[in-house]
Ligand code: SAH
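In the working numbering, the protein residues as written are 219 to 607.
Put into structure tokens, the structure is as follows:
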């Protein structure tokens, strides 16, 4: 019932290591009659069935869904989504004071091409592959099956992630929910709007890092750059930060931050619409803690060098505004800049600043953004907490 593709004899190595992608160069031939998004069976050169996955004409030809002999049907998605939900429950992310988490993180949850974020009862789906999009009804049903009463609505937001392939309209697939909708992260209230917000509406991947900042926040004067909806600022104010400045170049982001500050009734906060680099270069302010969480400076390998230079400049400048004994919390979400390269870059910035710098914590994406051990490319967020003497 499924179409098939066959691997070249010497191209089975990555499959043996259970890597979830098959590149087009590993296939004996690109099938002409198979449509983008179809489920295909993958055979090795001796005609043994080894996997099933979503096919696409492109450099990644197949995204593997299973290495077992099973159908890709409702039961399959019920099982996968239930496993994903169970993991988040085990991580205690469904609590009275926490109702925001990532439910499905692509390859990390054995569902390449699928992201699902959860905001207090609302699941927001972003498909990054046509194959997942074509099975979105099965995915929606599986969410209803796994979440039961914990589900109010399912929203499809795949238009921006599947540009031009087929006509895709965003909208509710199940139930509906007015926006902004209020949900909680570690006791902080957020107004969420998946319809108009960036990505699915919120940067869930910084939850644990916000909690870490909160530990150091009491009495501190803090600069939170690239703040988007204010996550780090809110976590710090909740724990008694003395003064927080939130900065973003997007006016819309600052409006979101201001709305969240008001919603939580926090004081001692100032918003700044500005380019982070310009502000840090020109400001005369000094801070106890500075947070740098820029968007990915490099989306492709060929921009890596430029990105490294950007991180170095930004961090070296930020260090100059930190009081002796203060902290720098700095991140990169560029997948092509790995942990080692990022650390080396920050060390170079520290040398340039002329200050003594200690690494207190090495930071990363949280457990609801798991990394499939056979797909190291899934590691994207890294950071450092530094003390600047
Ligand atoms: N720290 C945020 C997420 C950051 S996303 C959180 O915890 O939710 C990156 C943000 O950087 C976006 O809001 C984007 O508007 C902002 N941004 C992009 N370029 C910028 C620049 N040059 N200066 C300041 N902000 C910028």
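Heads up, the beta-carbon is just placed ideally off N, CA and C, and yes, glycines get one too.
Under the assumption that residue i contacts residue j (Cβ atoms under 8 Å), give the Cβ distance between them as a whole number of angstroms.
{"i": "residue 429", "j": "residue 401", "result": "Between residue 401 and residue 429 the Cβ distance is about 16 Å, and since that is not below 8 Å, they are no contact."}
{"i": "residue 223", "j": "residue 273", "result": "7 Å"}
{"i": "residue 268", "j": "residue 233", "result": "6 Å"}
{"i": "residue 589", "j": "residue 326", "result": "6 Å"}
{"i": "residue 375", "j": "residue 334", "result": "Not a contact, Cβ separation roughly 10 Å."}
{"i": "residue 257", "j": "residue 270", "result": "6 Å"}
{"i": "residue 448", "j": "residue 475", "result": "3 Å"}
{"i": "residue 312", "j": "residue 368", "result": "7 Å"}
{"i": "residue 240", "j": "residue 260", "result": "7 Å"}
{"i": "residue 350", "j": "residue 321", "result": "Contact doesn't hold; Cβ gap of about 14 Å is too wide."}
{"i": "residue 372", "j": "residue 405", "result": "The Cβ separation is near 26 Å, so there is no contact."}
{"i": "residue 457", "j": "residue 473", "result": "Wrong, their Cβ atoms sit about 24 Å apart, outside the cutoff."}
According to DSSP, which residues form a beta bridge with residue i?
{"i": "residue 403", "result": "406"}
{"i": "residue 320", "result": "335"}
{"i": "residue 466", "result": "491"}
{"i": "residue 605", "result": "545 and 576"}
{"i": "residue 395", "result": "Paired residue(s): none; residue 395 is not in a bridge."}
{"i": "residue 390", "result": "373"}
**Request:** Kindly provide the chain-ordered list of residues whose Cβ lies closer than 5 Å to any non-hydrogen atom of the ligand FAD.
**Result:** In the structure shown, the ligand FAD is absent; the only ligands present are the ligand SAH.
**contact_flag[the segment 500-518, the segment 466-483] where n(CB pairs < 8 Å) is 3 or more** = no
**Request:** Could you name each continuous alpha helix (DSSP H) segment of 4 residues or more that falls completely within the segment 474-514, going from the start of the chain to the end?
**Result:** Taking only runs of at least 4 residues, the alpha helix (DSSP H) segments lying wholly in the segment 474-514 are 494-500.
**Message:** Measuring CB atoms only, is the segment 424-441 touching the segment 579-595, in the sense that at least three cross pairs come out at less than 8 Å?
**Reply:** yes
**Message:** Counting beta carbon pairs with one atom in the segment 297-307 and one in the segment 384-394, are three or more of them shorter than 8 Å?
**Reply:** no
**Request:** Identify every run of the beta strand (DSSP E) within the segment 224-309, keeping only runs that are complete inside it and at least 3 residues long; order them along the chain.
**Result:** Within the segment 224-309, complete beta strand (DSSP E) segments of at least 3 residues are found at 239-241, 257-261, 267-273 and 278-284, given in chain order.
**Request:** Could I get the ranges of all uninterrupted beta strand (DSSP E) runs contained in the segment 522-567, with 3 residues as the minimum, in chain order?
**Result:** 540-550
**Request:** Report yes or no: do three or more beta-carbon pairs, one from the segment 487-500 and one from the segment 408-418, lie closer than 8 Å?
**Result:** no
**Asked** Contact between the segment 340-358 and the segment 306-316: three or more CB pairs below 8 Å?
**Response** no
**Message:** Quick test of the definition: if touching needs 3 or more C-beta pairs under 8 Å, does the segment 464-471 touch the segment 524-540?
**Reply:** no
**Message:** Runs of 3 residues minimum, wholly inside the segment 422-461: which ones carry the beta strand (DSSP E) assignment?
**Reply:** Runs of the beta strand (DSSP E) inside the segment 422-461: 439-443.
**Asked** Hey, which unbroken runs of the beta strand (DSSP E) at 3 residues or more fall wholly within the segment 329-378?
**Response** 332-337, 340-345 and 371-374
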